[in-house]
Amino acid sequence: MTTIKFKHTFFFIGIALSLLLIVSCNSVYTPKKKGYFKIDFPKHAYQKFDRPGYPYTFEYPVYANVVQDSTYFEEQPENPYWINVDVPQFNAKVYISYNEIGGKARYKVRTKDGKYVDSIGLNKFVDLMEGSYKLTFKHSLKATSIDDSVFVTPNGVNGIWFKIGGNAATASQFLVSDSVKHFLRGALYFDAPPNEDSLATVNQFLQEDVRHLINTLKWR
């Protein structure tokens, strides 16, 4: 009897393995897509930045903080109107720099012995535009594309939006100006390794906030 039981056992195991082999051969294998953690986004809501003495006002997210910038692209800020809009929930921030056209500017000048010293000059609109483009195209080594587009906000503020593709440190930059007195530049950065795919949804979410900031910006 023991021998018969073993024979039956091996018989059923053989059938099971055969069925498993048939099913696996006829099944279509679908590889799983590379995924990332699901992110719960807050509802877009805004508050007004209207600090006394500042030459501009705008609206920014209620889940963000405005702090005065201490450094900007490894340089000391030229005036107290350089700020950061921090979004700690996403380890992101919008760097905002402001310059008064015709106002004093600090430049680095190379001397005959090869050293650089500070020199005081005037902010020219053409120079500020050129400097903004240079800062944007510093990301060209990592970027797959850099597109610029001109816009005018509902408040009549003129500007240029830069869309940067690829694994660059920033995907969104902009500048706004009246070409006479005010010149403001902004850039959205993340405190994380640049990865276009993993940051795509957060980028899309925060770009809406950046555009709202731009559309509500007013000069004083």
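Under my numbering, the first residue of the sequence shown carries the number 77, and numbering increases by one thereafter. For each residue, glycine too, the CB sits at the ideal point set by N, CA and C.
Quiz item: Is the beta carbon of N175 less than 9 Å from the beta carbon of L211?
Solution: In terms of Cβ geometry, N175 and L211 do not form a close pair [threshold 9 Å].
Note to self: Can you tell me whether E150 is buried or exposed? The criterion is at least 16 other CB atoms within 10 Å of its CB, across all chains shown.
What the structure shows: Caution is warranted here: a pLDDT of 47 is assigned to E150, below 50, making its placement in the model unreliable, and no coordinate value can be reported.
Can you tell which of P128, F227, D162, Y157 has its C-alpha closest to the C-alpha of P137?
-> Looking only at P128, F227, D162, Y157, the smallest Cα-Cα distance to P137 is reached by D162.
Checklist line | Identity of the residues DSSP links to H258 by a beta bridge | finding: Bridge partners of H258: E176.
**Item:** Proximity below 9 Å, CB of V226 to CB of I236
**Value:** yes
message: To the nearest angstrom, how far is the alpha carbon of Q280 from that of G178?
response: 36 Å
Exercise for the section: Let me know if Y192 comes out buried or exposed under the rule of 16 or more other beta-carbons within 10 Å of its beta-carbon. Expected result: exposed
Kindly identify the DSSP beta-bridge partner or partners of L198. The secondary-structure analysis by DSSP pairs L198 across a beta bridge with K180.
Helix, strand or coil: which one does DSSP assign to L211?
helix
Practice task
Following the continuous beta strand (DSSP E) through L251, name the residue where it begins and the one where it ends.
Solution key: 248 to 253
CB contact flag (V286, F166, <9 Å):
Taking the C-beta atoms as reference points, F166 is found no nearer than 9 Å to V286.
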